[in-house]
Amino acid sequence: MGTARSTESPPQPGAREVALAGLYEAALGDAAATVPGMLDQIAEALPASLKGPLDRDGLDAAKLAAAAVAGPGPGAAGRAAGAFLEALASDDAERIVLLRGLAARLGYAAPAPGPQGTLRRTARAAVEDLLRAAGATPAPAPARAAPPAGIAREAATHSLTERAGLVLFHPYLRMLFDRLGLIEARQIRADGLPRAAALLAALAEAAPAPRLPDPLERLLLGLPDGTRPEPCPTLAPAEIALIDSLIRSVIGQWTRLGKTSPEGLRATFIRRRGLIGTDARGAPRLTVAPGPFDMLLDGLPWALGPIRLPWMPEALSVIWRNADD
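In short: position in the sequence shown from 1, add 1404, done, that's this note's numbering.
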């Protein structure tokens, strides 16, 4: 009797994986088919002393930052590998030691057949090219160039946000904070920052738990680097009702949403992953992961950016939905 074949479907990617794939595609173009997998191979081969301090989000942010630095086009794999490893080891001598260890680990055993084996060979080739470019072997440098100076500093400016869609509310934030007495001389009062952060959290989640602000929330609050405000407090019922009213007002003006509920708006557009980096001038830039209903953004009654609230030191540009999407 023959063995029955399994009828189970292959596992489908989760929301996190879909969002990351969208961000990689935005950063790398066609190279997104191979570069993320290559970076995964390098990350797996990192020594425990480097992997230990980095959680899953930390590694994702570092790999996405490297992809953003690399950009699309020929040589993207080498540029991405260089950016990723320079961000982890900025000292030249330390990086050469790291590259030698990675080359050994990636070549310790014959790569498995299939796509994973191909990605592993690509990762090892990129690491070996970086060694040659650093002058660590007598072989001449190949076509891939060494990563440009300053990559570690640029990569370090990138971070992940889980609430990229908060930018949709930017025309209302000054009015919201002012109505609750949090603004003085066009700035958010220092003692009002935790409550302002709680209001942003409530725009993204109906019942947010006390926590520190998300990276995008920090930008929208104008918080300087290194500032650690108190965790967001619990809002009063009147403040929660005001948030609900604001969300319903946005839905009412954005007529293409139809009868979408506040939670529907949050789930579809607000709780969206994004990558925060910098543009050519060093100003902050948000790239939002694509979603299945992004065509509705064409009916948004206001522009998505640049966003410059009175307390923000620089304008935030937003990349969400390409013209041909």
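Cβ coordinates follow ideal geometry from the N, Cα and C atoms, glycine included.
In this text, all values refer to a predicted model and were calculated from it rather than measured experimentally.
Neighbour-count burial assignment, residue i, 16 or more Cβ in a 10 Å radius
i, result
"Phe1697", "exposed"
"Met1442", "buried"
"Glu1421", "exposed"
"Arg1499", "buried"
"Arg1670", "buried"
"Trp1706", "exposed"
"Leu1616", "exposed"
"Glu1532", "buried"
"Gly1569", "buried"
"Gly1703", "exposed"
"Gly1539", "exposed"
"Ala1507", "buried"
"Ala1640", "exposed"
"Pro1637", "exposed"
Residue i - DSSP class collapsed to helix/strand/coil
i, result
"Ala1472", "helix"
"Glu1566", "coil"
"Arg1689", "strand"
"Glu1421", "helix"
"Glu1498", "helix"
"Leu1584", "coil"
"Leu1534", "helix"
"Leu1720", "strand"
Cα-Cα separation, residue i to residue j
i, j, result
"Gly1486", "Ala1447", "13 Å"
"Gln1657", "Ala1474", "39 Å"
"Trp1715", "Ile1655", "26 Å"
"Leu1650", "Ala1610", "13 Å"
"Leu1720", "Ile1711", "5 Å"
"Arg1685", "Leu1564", "20 Å"
"Gly1518", "Leu1604", "46 Å"
"Gly1433", "Gly1477", "8 Å"
"Gly1479", "Leu1523", "15 Å"
"Gly1678", "Pro1440", "16 Å"
"Glu1621", "Asp1582", "17 Å"
"Gly1668", "Gly1662", "11 Å"
"Ala1589", "Met1579", "14 Å"
"Ala1560", "Arg1483", "Only weak support exists for where Ala1560 lies, its pLDDT of 41 falling under 50; the coordinates are left without a value."
"Gln1591", "Glu1718", "14 Å"
"Asp1461", "Glu1566", "11 Å"
"Leu1584", "Gly1596", "9 Å"
CB of residue i within 7 Å of CB of residue j, strictly
i, j, result
"Val1692", "Arg1676", "yes"
"Pro1598", "Ile1680", "no"
"Pro1688", "Leu1623", "yes"
"Glu1429", "Ala1436", "yes"
"Ala1449", "Arg1509", "yes"
"Ala1491", "Ala1472", "no"
"Leu1701", "Arg1725", "yes"
"Leu1503", "Leu1535", "yes"
"Ala1600", "Leu1586", "yes"
What ranges does the beta strand (DSSP E) occupy inside the stretch 1599-1685, keeping only unbroken runs of at least 3 residues that lie completely in it? 1678-1682
Segments of 4+ residues assigned as alpha helix (DSSP H) that fall wholly inside the stretch 1429-1466: 1439-1448 and 1452-1455
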